[in-house]
Amino acid sequence: HKMDWLRTKTIRGKKRQRNVKENGEVVLKELVECCDGKCNPIKNFSSEQIIKATYNFSQSNRASRIDVYYRCYKGMLDDRPVLVKKGKYELDTKEICRDIAISSMVSGHKNFLK
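This is the structure:
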């Protein structure tokens, strides 16, 4: 049974790595399309860092922002305040990646959250 647990953990790890690579490619494509090849670098955080920053998405870290598709959580990463959007439902990866690309594109504006 110990080998089954290890095999399952290994498969999950490989699947997670594949998803990160595939989603990264989609984000990059969206950035190029949205920004005419010019873009701001995007800082990536691991799921472990995000879970730690939001105290495992605790109620006390919920932001008051209301969204149909996401729940928003406040946290601190690299000594900077962040707002983490967690999907309420299974969402289309392309839509999520487009949201990231557009957020990156407008992040230099003085009235936008960075």
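Numbering-wise (our numbering), the sequence shown opens with residue 34 and increments by one.
Cβ atoms here follow ideal geometry from the backbone N, Cα and C, with glycine treated the same way.
Treat the numbers as computed from the prediction; the structure is a model and nothing was measured.
Residues 102, 103, 104 of the same chain have their beta carbon placed closer than 7 Å to that of residue 121, with the five preceding and five following residues left out of the count. Per DSSP, the continuous alpha helix (DSSP H) segment holding residue 139 begins and ends at 126-139. With a minimum length of 4 residues, the unbroken runs of alpha helix (DSSP H) contained wholly in the segment 71-102 fall at 80-86. Taking the CA atoms as reference points, residue 138 sits about 30 Å from residue 93. Between the C-alpha atoms of residue 112 and residue 86 there is a straight-line separation of about 10 Å.
By the neighbour-count criterion, in which 16 or more other beta carbons inside 10 Å mark a residue as buried, residue 141 falls on the exposed side.
Annotation for residue 119: the continuous beta strand (DSSP E) segment containing it runs 113-120. By the criterion of a C-beta distance shorter than 8 Å, residue 127 is surrounded in its chain by 59, 63, once the five residues flanking it on both sides are discounted.
Inter-residue distance for residue 123 and residue 89 is about 19 Å (C-alpha atoms, whole angstroms). Straight-line spacing of the CA atoms in residue 100 and residue 47 works out to 32 Å.
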